[in-house]
Amino acid sequence: MERLPGFRDFYPEPIPHKDVGSADARQYIFGKWRAAARRYGFREYDGPPLESLELFTTKSGEEIVGQLYNFTDKGDRAVALRPEMTPTLARMVAAHERAYKKPIKWFALPQLFRYERQQKGRLREHFQFNADIFGEADTAADAELIALLIDTLRSFGLTAEDFVIRLSSRNAWQEFYKRGVPSAGHGTGGEYQFYQVIDKLERTSPEETEKKLAALGFSLDAVNGFIEAGEPTVELKAMLDNLTARGLGDFVKVDYRVIRGLAYYTGPVFEAFDRKGEFRAIAGGGRYDNLVKLISGGKVNLPALGFGMGDVVLLELLKARGLLPQFDGGVDVFVLIEHEALRLESLKLIQDLRAAGRVVEYSFTPAKPDKQFKRAQELKAAHTASVEADSKVRVRNLLTREEKIVMPEEVGKLVGGPPSS
Ligand code: HAM
């Protein structure tokens, strides 16, 4: 039996094949994501991976609807695996926003499913770091969110030379659109179609784009002229000033080629890319001030903004830049049982060390001392410890080769830190 195409198995390191995922790398990424979110005061939430189909069909736009994993369940309900977290979050916030002081700042690490054509950086299952803010209309919130995005990527060791946040605005494009089609209102079909053409500019031939734009009443020259001018709107300028004041100006640039594919965005939008342009977007997000209202059927109206950062592209980028650490089991101490007569005493030591928070390994069954030692080395244990006949413990640091004989209650302290400390 093989796994489905586009899905992933995560094995502990060292991974047995290049086709499988690393459970350790995934944990590492999740840890950095959580830590960054907490530094910015975001609280963790979660929701169900299966939702009613309707939650996505009207709210996310045609691109994502075409990629839905949907089916009819045994209760005849039309359901879908979540392709993104934002509609679920908007539903959850709309249901209980009164219980929370504003602004609401929440994050989640959902597993998402999209029936996409498999390609580099795109799978049918991925994890995303989602961070969203509700109840704040000021651009200060947009800047704060982008600062979080930048700091998250920086926490992996990436610098302004590795990635850039391309900043844009649906408002700017809306004004451009209205200049071309003065009778259009916000959110009309033609406007979204136009956004879709802009979203695909970099992936479509100029001839085809030209044709599509002409059908909507626009010329490619006018579109290119607008992009090249790259004049920041008042709100983008405020965001840039805010980020520059924090020393983060080098990480952002205005780029109107970004418009975002999802239907619900309303204001500033952005995407994070590697500077060399080797990979697809690392993250994307923006304002979606109308989604809560739409999902609550008009009952709740809250400005909102957020971003999603996928683990697939991020992992590729970290690998390419040599920024993934070596993973091992993190074993603090391997307890060698050199004489079976000392097994019970050794088990007591093992439990005491674990109770003190140390990662401890040992051999379940009798084994020659050199075999046990070899196992300790394979596990990259930082220390070995063996109970001696006089009940003292011989502790060896496997990095420095330093040996000490101590009382059992002193072992925990000795094997606490990394091998070099
Ligand atoms: P998105 O642009 O569709 O936005 O996805 C965000 C990121 O998730 C992408 O930049 C990419 O790194 C990753 N990603 C998306 N699809 C796949 C895939 N099939 N395989 C691997 N990685 C993928 C959203 O999902 C919005 N809901 C983000 C958001 C949150 N906006 C506001 N709040």
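All residue numbers for the sequence shown refer to this note's numbering, where the first residue is 118 and numbers rise by one. Beta carbons: idealized from backbone N, C-alpha and C, even for Gly.
Please confirm whether any heavy atom of the ligand HAM lies closer than 6 Å to the CB of Glu308.
Against the sequence shown, residue 308 aligns to sequence position 191. No - the ligand HAM has no heavy atom lying nearer than 6 Å to the Cβ of Glu308.
Based on Cα-Cα distance, which residue from Gly425, Ala421, Asp445, Arg492 lies nearest to Ala211?
For this step, residue 211 is matched to residue 94 along the sequence shown. When only C-alpha atoms are compared, the closest one is Ala421.
Backbone secondary structure at Ala248 - three-state DSSP:
Looking up residue 248 in the sequence shown gives position 131. Three-state result, Ala248: strand.
Could you tell me the distance, in whole angstroms, from the CA atom of Leu365 to the CA atom of Asp445?
Numbered from its first residue, the sequence shown carries residue 365 at position 248. Numbered from its first residue, the sequence shown carries residue 445 at position 328. In a straight line, the C-alpha of Leu365 is about 34 Å away from that of Asp445.
Between the CA atoms of Asp259 and Ser272 - distance to the nearest angstrom
If you number the sequence shown from 1, residue 272 lands on position 155. If you number the sequence shown from 1, residue 259 lands on position 142. Each residue's Cα considered, the two are about 20 Å apart.
Sub-7 Å separation of Ala153 and Asp249 beta-carbons:
If you number the sequence shown from 1, residue 153 lands on position 36. If you number the sequence shown from 1, residue 249 lands on position 132. Against a cut-off of 7 Å, the Cβ pair of Asp249 and Ala153 comes out as no contact.
May I ask whether a heavy atom of the ligand ADP can be found less than 6 Å away from the beta carbon of Arg392?
Of the ligands one can find in the structure shown, namely the ligand HAM, none is the ligand ADP.
Report the start-end ranges of each beta strand (DSSP E) in the region 195-223 that is 3 residues or longer and not cut off at the edges.
195-198
Assuming Pro165 and Leu185 make a contact with CB atoms under 8 Å, what is their CB distance in whole Å?
The residue given as residue 165 occupies position 48 in the sequence shown. The residue given as residue 185 occupies position 68 in the sequence shown. That belief does not hold up - the Cβ atoms of Pro165 and Leu185 are roughly 15 Å apart, past 8 Å.
Taking 7 Å as the threshold (C-beta atoms), are Leu172 and Pro204 in contact?
Indexing the sequence shown from 1 puts residue 204 at position 87. Indexing the sequence shown from 1 puts residue 172 at position 55. A contact, by the Cβ cut-off of 7 Å.
What number of angstroms, rounded off, separates the C-alpha of Leu531 from the C-alpha of Leu441?
In the sequence shown, the residue the question calls residue 531 occupies position 414. In the sequence shown, the residue the question calls residue 441 occupies position 324. Going from the Cα of Leu531 to the Cα of Leu441 covers about 28 Å.
Just checking Arg239 against the ligand HAM - is the residue's beta carbon closer than 6 Å to any of the ligand's heavy atoms?
By one-based count along the sequence shown, residue 239 stands at place 122. Yes, since a heavy atom of the ligand HAM falls inside the 6 Å radius drawn around the Cβ of Arg239.
Mapping the DSSP letters down to three states, classify Phe486 as helix, strand or coil.
Here residue 486 refers to the residue found at position 369 of the sequence shown. As written in the sequence, residue 486 is Pro, which differs from the Phe given in the question. Residue state, collapsed to three classes: helix.
From Phe280 to Ser480, what distance separates their C-alpha atoms?
Your numbering for residue 280 matches position 163 in the sequence shown. Your numbering for residue 480 matches position 363 in the sequence shown. Each residue's Cα considered, the two are about 46 Å apart.
Check for me: the beta strand (DSSP E) holding Gly427 runs from which residue to which?
Here residue 427 corresponds to residue number 310 of the sequence shown, with the count starting at 1. Looking at the DSSP string, the run of the beta strand (DSSP E) that includes Gly427 is 421-427.
Rounded to the nearest angstrom, how far is the Cβ of Glu352 from that of Asn288, given a contact under 8 Å?
Reading the sequence shown from its first residue, position 235 is the one you call residue 352. Reading the sequence shown from its first residue, position 171 is the one you call residue 288. Rounded, the Cβ-Cβ distance is 7 Å, consistent with contact.
Short check: CB of Val314 to CB of Leu337, under 7 Å?
Position 197 of the sequence shown, counting from 1, holds the residue named residue 314. Position 220 of the sequence shown, counting from 1, holds the residue named residue 337. Taking 7 Å as the Cβ cut-off, Val314 and Leu337 do not qualify as a contacting pair.
Environment of Ser538 [buried if 16+ CB atoms lie within 10 Å]
Within the sequence shown, residue 538 is the residue found at index 421, counting from 1. Residue placement at Ser538 cannot be trusted, given a pLDDT of 38 that sits under 50; what the coordinates show is reported in the next sentence. When all chains shown are included, Ser538 counts as exposed.
Hey, out of Ala207, Leu167, Val448, Leu464, whose CA is closest to Arg194's CA?
Sequence index remark: in the sequence shown, residue 194 carries index 77 (1-based). It is Leu167 whose Cα lies nearest to the Cα of Arg194.
Quick one: does the C-beta of Gly334 sit closer than 6 Å to a heavy atom of the ligand HAM?
Taking the sequence shown and counting its residues from 1, one reaches residue 334 at position 217. False, no ligand heavy atom lies under 6 Å from that Cβ.
Spatial neighbours of Val430 within its chain, please: C-beta separation below 6 Å, excluding the five flanking residues on both sides.
On the sequence shown, residue 430 is found 313 positions in, with the first residue counted as 1. Excluding positions up to five away in sequence, the list reads Gly238, Phe396, Arg397, Ile399.
How many whole angstroms separate the CB atoms of Tyr309 and Ile344, which I take to be in contact at a CB cut-off of 8 Å?
Along the sequence shown, read from residue 1 onward, the residue named residue 309 stands at position 192. Along the sequence shown, read from residue 1 onward, the residue named residue 344 stands at position 227. Going by Cβ atoms, the distance from Tyr309 to Ile344 rounds to 19 Å, so no, they are not a contact pair.
I'd like to know whether the C-beta atoms of Arg511 and Glu505 end up nearer to each other than 7 Å.
Here residue 511 corresponds to residue number 394 of the sequence shown, with the count starting at 1. Here residue 505 corresponds to residue number 388 of the sequence shown, with the count starting at 1. Cβ atoms of Arg511 and Glu505: closer than 7 Å.
So the candidates are Phe335, Ala332, Gln291; which of them puts its Cα closest to the Cα of Pro385?
Within the sequence shown, residue 385 is the residue found at index 268, counting from 1. When each option's Cα is compared against that of Pro385, the closest is Gln291.
Does DSSP classify Leu333 as helix, strand or coil?
Within the sequence shown, residue 333 is the residue found at index 216, counting from 1. Here Leu333 sits in coil by DSSP.
Kindly list the residues whose CB is nearer than 6 Å to the CB of Glu520, restricted to its own chain and excluding five residues on each side of it in sequence; keep chain order.
Within the sequence shown, the letter at position 403 stands for residue 520. These residues qualify, in order along the chain: Arg513.
Cut-off 6 Å between Cβ atoms - residues of its own chain near Pro525, not counting five sequence neighbours on either side:
By 1-based counting over the sequence shown, the position of residue 525 is 408. Leu466, Val510.
Delimiting residues of the alpha helix (DSSP H) encompassing Tyr145:
Working through the sequence shown from its first residue, we reach residue 145 at position 28. Run containing Tyr145: 140-156, per the alpha helix (DSSP H) assignment.
How would you label Lys135, buried or exposed, when you count the other beta carbons within 10 angstroms and need 16 or more for buried?
Position 18 of the sequence shown, counted from the first residue, corresponds to residue 135. That one is exposed.
Under 8 Å: do the region 314-328 and the region 386-393 share three or more Cβ pairs, one atom per stretch?
no
Helix, strand or coil at Ser285 according to DSSP, with G and I counted as helix
Translated into positions along the sequence shown, residue 285 becomes position 168. Note: Ser285 maps to strand in three-state DSSP.
Contact check, Asp539 vs Arg377 under 8 Å by CB: the rounded distance?
Since the displayed the chain opens at 118 and closes at 538, residue 539 lies outside it and no answer follows.
May I have the straight-line CA-CA distance separating Phe147 from Gln228, to the nearest angstrom?
Sequence index remark: in the sequence shown, residue 147 carries index 30 (1-based). Sequence index remark: in the sequence shown, residue 228 carries index 111 (1-based). One C-alpha to the other measures close to 12 Å.
Sequence-distant residues of its chain with Cβ nearer than 6 Å to Val448 (five each side left out):
For the purposes of this step, residue 448 is taken as the residue at position 331 of the sequence shown. These residues qualify, in order along the chain: Val476, Glu478, Leu496, Ala498.
Residues in the same chain with beta-carbon distance under 8 Å from Pro536, minus the five sequence neighbours each way, listed in chain order, please.
Taking the first residue of the sequence shown as 1, we reach residue 536 at position 419. For Pro536, the pLDDT reaches just 41, beneath the cut-off of 50, and the residue's location in the model is therefore unreliable, although a value from the coordinates is still provided. Within the same chain, Pro536 has close Cβ partners Ala499, His500, Asn514, Leu515, Leu516, Thr517.
Rounded straight-line distance, which links the Cα of Ala216 to that of Asn418
Here the question's residue 418 lines up with position 301 in the sequence shown. Here the question's residue 216 lines up with position 99 in the sequence shown. Approximately 15 Å, taken between the alpha carbons.
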